[in-house]
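These notes concern the structure reproduced below.
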Amino acid sequence: MNYKTPGVYVEEINKFPPSVAAVATAIPAFIGYTEIAIDEDGNDLTDFPVVKRITSLKDYETAFGFAMDQAMTVEVIGDEPSAISSITGTNYRMYHAVQIYFDNGGGPCYIIAVDKYSGTPTETIASAKLLEGLNALKKKDEPTLILFPDGVGMDDNTSYYEVLKQAINQCALLGDRFTICELFNDDDVANFRTGIGTNHLKYAAAYHPWLHTNINVKYVKQNITFSAADSPVNTSDILNGKKWGDLANIIALESIQRNLDQAASSTTIILNNANTLLTVDLPVAPTDAA
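Count along the sequence shown from 1, then add 3; that gives the number in our numbering.
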């Protein structure tokens, strides 16, 4: 500053340049079921809901575990190598939702575990549990997005859309968060519009259709079911409807050797999952000579 007249002047000098602090503007909160729930000391938590802020998939796996093992059916077609004909879906989608979030550059988020996995992958999701998780989220100020990855695993869309309505109401009440909605079924557009009503819709958004991903799923050999309906009857008798563990009396699983008490001919099954390629020789009972 140039002073043109005599006098006493006070000049304030800012020693620090102006700056804008970088803060996250979207902090999602995932509400659903997890494999485990443990604290920082490794103690098992049983008082649900459990609320935890995480910054990586590793944080999630340490505190909440992994995805539930899924079942699969392997179809045997004649004497040709088989293929995985179907993989049973799961109602427990929390782990995969968080995995996709971090795979696409996600940052800090909140996990609200409402309970541990129970039963089978297709166990019905309880709306009351998700609502308990929603109420627990209400006490947290930082989250700005609400998601229910397991919500579409409920028995009916009425219960699911009621959970979404409660989440939207919380958003309107607090004024600092937003609900991301999924349709109950991939083609449930009309029911969705009716189900969530018309109140506070500026606090929610839905996407359609469902996302189709190519992420790997977990499974264990004991959950593999074999299907051989189109195979020769003698092969079907051995395989159809059987699980891996049932085959212990037919083949030596550890050495993958043919059961010597059976005929020399065999049907080959190839199981291909991710980086695993396993070939198993299954004996076929001999046919009677004419």
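Heads up, the beta-carbon is just placed ideally off N, CA and C, and yes, glycines get one too.
Remember, it's a predicted structure, so these values are computed and weren't measured experimentally.
Check whether residue i and residue j have beta carbons under 7 Å apart
| i | j | result |
| --- | --- | --- |
| T156 | N94 | In the sequence as displayed, the identity of residue 156 is Gly instead of Thr. In contact: G156 and N94 (Cβ atoms closer than 7 Å). |
| L186 | F195 | yes |
| R180 | Y113 | no |
| D357 | Y36 | For the chain, the structure presents residues 4 to 293; residue 357 sits outside this window and is missing. |
| P111 | T58 | yes |
| P146 | I30 | yes |
| Y222 | D72 | yes |
| W213 | D190 | no |
| I115 | I34 | yes |
| Y104 | A70 | no |
| C184 | Y206 | no |
| I149 | A32 | yes |
Classification of residue i by the beta-carbon crowding that lies within 10 angstroms, buried from 16 upward
| i | result |
| --- | --- |
| K11 | For the record, residue 11 in the displayed sequence is Val; it is not Lys. Under this definition V11 is an exposed residue. |
| V166 | buried |
| D3 | The shown model of the chain, from 4 to 293, leaves out residue 3, and the question about it has no answer. |
| Q102 | buried |
| Y210 | exposed |
| K7 | exposed |
| T182 | buried |
| L176 | exposed |
| K132 | buried |
| T228 | buried |
| I199 | buried |
| G162 | The identity of residue 162 in the sequence shown is Ser, whereas the question assumes Gly. S162 should be labelled buried. |
| T197 | exposed |
| E83 | Only weak support is given to the placement of E83: the predicted model assigns it a pLDDT of 48, under 50, and the value that follows is read from those uncertain coordinates. Looking at its Cβ environment, which holds fewer than 16 other Cβ atoms inside 10 Å, E83 is exposed. |
| S121 | exposed |
| G154 | buried |
Contact set for residue i: own chain, Cβ-Cβ below 7 Å, skip 5 residues either direction
| i | result |
| --- | --- |
| N172 | H203 |
| L134 | V166, Q169 |
| E126 | N94 |
| F68 | Phe is not the amino acid found at residue 68; the sequence shown has Gly there. Result list for G68: T37, E38, I39, in chain order. |
| L60 | V101, Q102, F105 |
Interface flag, residue i vs chain D, CB-CB below 7 Å
| i | result |
| --- | --- |
| A40 | Within the model displayed, chain D is absent; a lone protein chain is all it includes. |
Spatial neighbours of residue i in its chain, beta-carbon cut-off 8 Å, leaving aside the 5 residues before and after
| i | result |
| --- | --- |
| K246 | Q225, N226, I227, T228, F229 |
| D47 | I39, A40, I41 |
| V192 | L186, H211 |
Close beta carbons around residue i, own chain, < 6 Å, minus the five adjacent residues each side
| i | result |
| --- | --- |
| A74 | T91, N226 |
| message | Closer than 8 Å is the cut-off here; do at least three beta carbon pairs connect the region 34 to 54 with the region 133 to 148? | response | yes
| request: For the region 91 to 162, list the beta strand (DSSP E) runs that are entirely contained and at least 3 residues long, ordered along the chain. | output: 112 to 119, 148 to 150
| said: In chain order, what are the residue ranges of uninterrupted alpha helix (DSSP H) at least 4 long that sit wholly in the region 43 to 67? | reply: The region 43 to 67 contains these whole alpha helix (DSSP H) runs: 60 to 67.
| field | Completely contained alpha helix (DSSP H) runs for the region 167 to 205, where each covers 4 or more residues | value | 192 to 198
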